[in-house]
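Step one of this worksheet: look at the structure below.
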Amino acid sequence: MNKRIPPLCVDLDGTLIASDTLWESVLVLLRRSPWLCFLLPIWLMRGRSFLKSKVTHHVKLAVETLPYRPDVLAFLRQQKAQGRYLVLATAADIRIAETVAKHLGLFDEVLGSDKNTNLKGIIKRDRLQLLYGEFDYMGDSLSDLPVLAAATRCFLVAPSPALRQRCQGTVAGEFAAIPLEKMQIIKLLRPHQWLKNVLVFVPLLLSDHNGSLEKWLIVLLAAFCFSLMASAGYVVNDLLDLTADRQHTTKKYRPFASGALPIQYGLPIFLGLVLISSGISAVFLAWEFLGILWLYLSLTLFYSFYLKRRLVLDVIVLAGLYTHRLFAGGVAVGIATTSWLLAFSLFLFMSLAFLKRYIELAQLPKKSKVSRRGYQADDLPMVMNFGTVSAYLSVLVFALYIYSQDKMAHYQDPFWLWLLCPLWLYGLTRFWFLAHRQNIHDDPVQFVIQDRVSWLIIIFTLLLFALAK
Numbered sequence: 001m002n003k004r005i006p007p008l009c010v011d012l013d014g015t016l017i018a019s020d021t022l023w024e025s026v027l028v029l030l031r032r033s034p035w036l037c038f039l040l041p042i043w044l045m046r047g048r049s050f051l052k053s054k055v056t057h058h059v060k061l062a063v064e065t066l067p068y069r070p071d072v073l074a075f076l077r078q079q080k081a082q083g084r085y086l087v088l089a090t091a092a093d094i095r096i097a098e099t100v101a102k103h104l105g106l107f108d109e110v111l112g113s114d115k116n117t118n119l120k121g122i123i124k125r126d127r128l129q130l131l132y133g134e135f136d137y138m139g140d141s142l143s144d145l146p147v148l149a150a151a152t153r154c155f156l157v158a159p160s161p162a163l164r165q166r167c168q169g170t171v172a173g174e175f176a177a178i179p180l181e182k183m184q185i186i187k188l189l190r191p192h193q194w195l196k197n198v199l200v201f202v203p204l205l206l207s208d209h210n211g212s213l214e215k216w217l218i219v220l221l222a223a224f225c226f227s228l229m230a231s232a233g234y235v236v237n238d239l240l241d242l243t244a245d246r247q248h249t250t251k252k253y254r255p256f257a258s259g260a261l262p263i264q265y266g267l268p269i270f271l272g273l274v275l276i277s278s279g280i281s282a283v284f285l286a287w288e289f290l291g292i293l294w295l296y297l298s299l300t301l302f303y304s305f306y307l308k309r310r311l312v313l314d315v316i317v318l319a320g321l322y323t324h325r326l327f328a329g330g331v332a333v334g335i336a337t338t339s340w341l342l343a344f345s346l347f348l349f350m351s352l353a354f355l356k357r358y359i360e361l362a363q364l365p366k367k368s369k370v371s372r373r374g375y376q377a378d379d380l381p382m383v384m385n386f387g388t389v390s391a392y393l394s395v396l397v398f399a400l401y402i403y404s405q406d407k408m409a410h411y412q413d414p415f416w417l418w419l420l421c422p423l424w425l426y427g428l429t430r431f432w433f434l435a436h437r438q439n440i441h442d443d444p445v446q447f448v449i450q451d452r453v454s455w456l457i458i459i460f461t462l463l464l465f466a467l468a469k
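In the UniProt record's numbering, the protein residues as written are 1 to 469.
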C-alpha cells in the first residue's frame with residue numbers, strides 16, 4: 001500500500017456496475033429455481049444480510065456479463081497504474097464481491113457482507129476506519145452518506161441532487177449517470193412489436209360486420225389492451241434473459257441488459273401494465289375477452305420461465321400466441337373465428353417462429369448452442385426445412401379455403417383471392433432467402449416495419465381482399 005495516498009474504497013452496486021447484484025441474483029433464482037422464491041420473505045425476516053447469503057448460496061451470478069461502468073473502470077485502472085491501493089467495499093455478499101474482484105483483477109482487498117453482517121452505512125464506515133484510518137471513497141447513494149462523510153475525498157457516481165448537495169466540499173470527482181430517458185421505458189415496452197396486434201382486427205375485417213363503427217372502436221380498444229399485456233410479458237422476458245441478452249450482439253443494448261434502466265423498475269412496470277390492461281378490459285370490453293387476455297399472459301409467462309427452452313415446443317407455443325390474438329379479436333366483437341383462419345395462421349406463424357430461431361442460429365459458431373434455447377448451430381438446415389414447409393402449408397390451407405363453400409357467403413368475386421397465393425408465396429420465400437443470406441439480423445417484425453417490399457405485399461393483400469368483397 002502506498003502510505004502517502006489513502007486507499008480508494010469502491011462500492012459495487014450502482015457504482016462499479018449500473019445494476020444491483022441482489023436483484024440480479026434473485027432473478028437468476030427465479031429463473032432456475034422459482035419454488036425457492038417463496039422462501040425470500042422468510043429469509044428477509046432474519047435480516048438483509050441473511051437474505052443475501054442464502055440467495056448467493058443457491059445461485060451463481062455470471063459476473064463477467066454485469067453492466068460495468070466503463071468510465072469508472074477506466075479511472076480505477078488509471079489509479080491502479082499509479083500504485084493506488086484499491087479496495088472493493090460493498091454491501092453485496094462477500095462471495096459475489098470476491099468473484100467480481102477476481103474477474104476484474106484490479107482490487108487489492110475485498111470487503112463484503114456475510115450472513116451475520118450487512119456491510120452498509122455506519123457499519124461499513126466503522127470497518128473502513130478501523131482498517132485504514134484515512135481513506136477515499138467512491139459511492140452512489142444516500143445510504144453511503146456515513147462513509148462519504150468520514151472519507152478524506154469523495155468520488156460520486158451517478159449521484160442524486162440530494163447526495164451531491166450533502167457532499168459539497170469533499171467531492172474530488174463525479175461520474176455521470178447513464179441518462180434515464182423516457183425513451184428507455186418506451187424501448188422496454190417494444191412498441192414496434194405491437195404491430196403483431198393488428199391480428200386482433202382480422203376477424204372483424206373478414207366478417208360481414210366490418211362497416212360497424214362501434215365494433216371497430218371495440219376492437220381498437222382490445223388491440224390496445226393486448227399491446228399493454230404483451231409489453232408486460234416482454235418486461236418479464238427481459239428480466240429473465242439478462243445474462244443471455246448481455247452476450248447477444250444486439251440484445252445487449254436492451255434497457256435492463258445494458259444497465260440504462262434499473263432492474264428494480266421491472267416489477268412496478270410489469271404490475272402497472274397488467275393492471276391498466278385488465279382494468280380497461282373489465283370496464284369496456286366483454287368479460288370473456290378479459291379471460292382470453294389473462295390466458296395469454298399466463299401462457300407468455302409459462303413460455304418465458306420454461307417453454308422457451310424446449311425444442312420445437314417453443315415454436316408451437318409462439319405460433320399459438322399469434323393465433324391467440326385472432327381468437328381474441330373474434331371474442332371482443334362476438335364473431336366466431338373459423339377453423340380455416342386458425343389453421344392458416346397456425347402454419348404461417350410457425351414459419352415466422354422458425355424464422356426467428358433460424359436468424360439466432362445463423363449467427364452462432366458451429367457446435368455452439370443458443371443460450372436458454374433447445375437449439376444448436378447444427379440444427380440450422382432442419383429449422384429452415386420446417387420453416388419453409390410451414391410457410392407453404394399456410395398458403396395451401398388458404399388455397400383449399402378458396403375451393404370451399406365457406407367463402408361464398410363472404411366474397412362476391414373470389415377470383416381475386418387466387419392472386420393472394422402467388423403474392424404470399426413470393427413474400428414468404430423471399431423472407432427465407434434473406435434470412436439465409438443473413439440480411440435479417442434480429443427481429444423479423446422489426447425488419448417488416450423497415451422493409452418496403454413487405455409493406456407493398458401488405459397493401460396488395462388488403463386491396464385484393466377488398467376487390468374480392
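A virtual CB, placed ideally from N, CA and C, is assigned to each residue, including glycine.
At what residues does the beta strand (DSSP E) containing cysteine 154 begin and finish?
-> Your numbering for residue 154 matches position 154 in the sequence shown. Segment 154 to 157, the beta strand (DSSP E) holding cysteine 154.
Can you find at least 3 beta carbon pairs, one from the region 271 to 286 and one from the region 224 to 233, that sit closer than 8 Å?
-> yes
Proximity to valine 100 [Cα-Cα], best of Leu393, Val87 and Glu64 = Locating residue 100 in the sequence shown gives position 100, counting from the first residue. The residue with the shortest Cα to Cα distance from valine 100 is Glu64.
Less than 8 Å between the CB atoms is what I'm expecting for lysine 120 and alanine 91, so what's the real figure, rounded?
-> Taking the sequence shown and counting its residues from 1, the one referred to as residue 120 is at position 120. Taking the sequence shown and counting its residues from 1, the one referred to as residue 91 is at position 91. Confirmed, Cβ separation roughly 4 Å.
Just the Cα atoms here: how many angstroms apart are alanine 150 and leucine 8?
-> As a first step, residue 150 is located in the sequence shown; it is residue number 150 there, counting from the start. As a first step, residue 8 is located in the sequence shown; it is residue number 8 there, counting from the start. Distance between the alpha carbons of alanine 150 and leucine 8: 13 Å.
Taking the alpha carbon of lysine 52 as the point to measure from, which residue in Lys115, Asp11 and Glu109 has its own alpha carbon closest?
-> Within the sequence shown, the letter at position 52 stands for residue 52. Nearest of Lys115, Asp11 and Glu109 to lysine 52, Cα basis: Lys115.
Closest to residue 471 by CA distance: which of Gly233, Glu98, Phe289 and Ser113 is it?
-> In this structure the chain extends from 1 to 469, so residue 471 is not present and cannot be described.
Start and end of the alpha helix (DSSP H) containing alanine 223?
-> Reading the sequence shown from its first residue, position 223 is the one you call residue 223. 213 to 240 is the span of the alpha helix (DSSP H), which, as asked, contains alanine 223.
C-beta atoms of alanine 18 and arginine 95 nearer than 7 Å | If you number the sequence shown from 1, residue 18 lands on position 18. If you number the sequence shown from 1, residue 95 lands on position 95. No, the Cβ-Cβ distance between alanine 18 and arginine 95 is not below 7 Å.
With burial defined as no fewer than 16 other Cβ atoms inside 10 Å of the residue's Cβ, what is the status of cysteine 37: buried or exposed?
-> Along the sequence shown, read from residue 1 onward, the residue named residue 37 stands at position 37. It counts as exposed.
Roughly how many angstroms separate the alpha carbons of leucine 364 and alanine 377, rounded to a whole number?
-> Locating residue 364 in the sequence shown gives position 364, where the first residue counts as 1. Locating residue 377 in the sequence shown gives position 377, where the first residue counts as 1. In a straight line, the C-alpha of leucine 364 is about 6 Å away from that of alanine 377.
Beta-carbon proximity check, leucine 417 vs alanine 468, cutoff 7 Å | Counting from 1 along the sequence shown, the entry for residue 417 is found at position 417. Counting from 1 along the sequence shown, the entry for residue 468 is found at position 468. One thing to note: leucine 417 has its Cβ within 7 Å of the Cβ of alanine 468.
Residues near leucine 27 by beta carbon distance below 8 Å, same chain, minus five either side | Numbered from 1 along the sequence shown, position 27 holds the residue referred to as residue 27. Contacts found: Leu239, Leu240, Leu242 and Ile263.
Can you tell which of Arg84, Pro414 and Tyr303 has the C-alpha that lies nearest to the C-alpha of leucine 464?
-> The residue you call residue 464 lines up with position 464 of the sequence shown. Relative to leucine 464, the option among Arg84, Pro414 and Tyr303 whose CA is nearest is Pro414.
Can you give the Cα-Cα distance for leucine 295 and arginine 437, rounded to whole angstroms?
-> Translated into positions along the sequence shown, residue 295 becomes position 295. Translated into positions along the sequence shown, residue 437 becomes position 437. Cα to Cα, leucine 295 sits roughly 37 Å from arginine 437.
Taking DSSP as the reference, what is the three-state secondary structure of aspartate 379?
-> Against the sequence shown, residue 379 aligns to sequence position 379. Reduced to three states, the DSSP call for aspartate 379 is helix.
Rounded C-alpha distance that separates glutamine 193 from valine 445 = Stepping through the sequence shown from its first residue, residue 193 is reached at position 193. Stepping through the sequence shown from its first residue, residue 445 is reached at position 445. Glutamine 193 and valine 445: Cα-Cα distance of roughly 7 Å.
Using a threshold of 7 Å, state whether the C-beta atoms of arginine 125 and proline 146 are closer than that.
-> Position 125 of the sequence shown holds residue 125. Position 146 of the sequence shown holds residue 146. For arginine 125 and proline 146, yes; Cβs fall inside 7 Å.
According to the neighbour-count rule (16 or more other Cβ atoms, all chains shown, within 10 Å of its Cβ), is arginine 246 buried or exposed?
-> Position 246 of the sequence shown, counted from the first residue, corresponds to residue 246. Classification for arginine 246: buried.
Three-way DSSP call (helix, strand, coil) for isoleucine 335 in this model | Residue numbering aside, residue 335 sits at position 335 when the sequence shown is read from its first letter. Correct three-state label for isoleucine 335: coil.
Which residues share a DSSP beta bridge with cysteine 9?
-> The count along the sequence shown starts at 1 and reaches residue 9 at position 9. In the DSSP output, where bridge partners are listed per residue, cysteine 9 has Val87 and Tyr137.
Helix or strand or just coil, what does DSSP make of valine 171?
-> Your numbering for residue 171 matches position 171 in the sequence shown. In the structure shown, valine 171 sits in a strand (DSSP, three-state: E or B).
Classify isoleucine 17 as helix, strand or coil using the three-state DSSP reduction.
-> Residue mapping note: residue 17 aligns to position 17 of the sequence shown, counting from 1. The answer is strand: DSSP assigns isoleucine 17 an E or B state.
Nearest CA to the CA of glycine 259: which residue from Ile5, Ile122 and Gly14?
-> The count along the sequence shown starts at 1 and reaches residue 259 at position 259. Of the listed residues, the one whose Cα sits closest to glycine 259 is Gly14.
On the premise that tryptophan 432 lies in contact with serine 388, defined as a C-beta separation below 8 Å, what is that separation, rounded to the nearest angstrom?
-> Within the sequence shown, the letter at position 388 stands for residue 388. Within the sequence shown, the letter at position 432 stands for residue 432. As written in the sequence, residue 388 is threonine, which differs from the serine given in the question. Contact flag correct, Cβ pair sits at about 5 Å.
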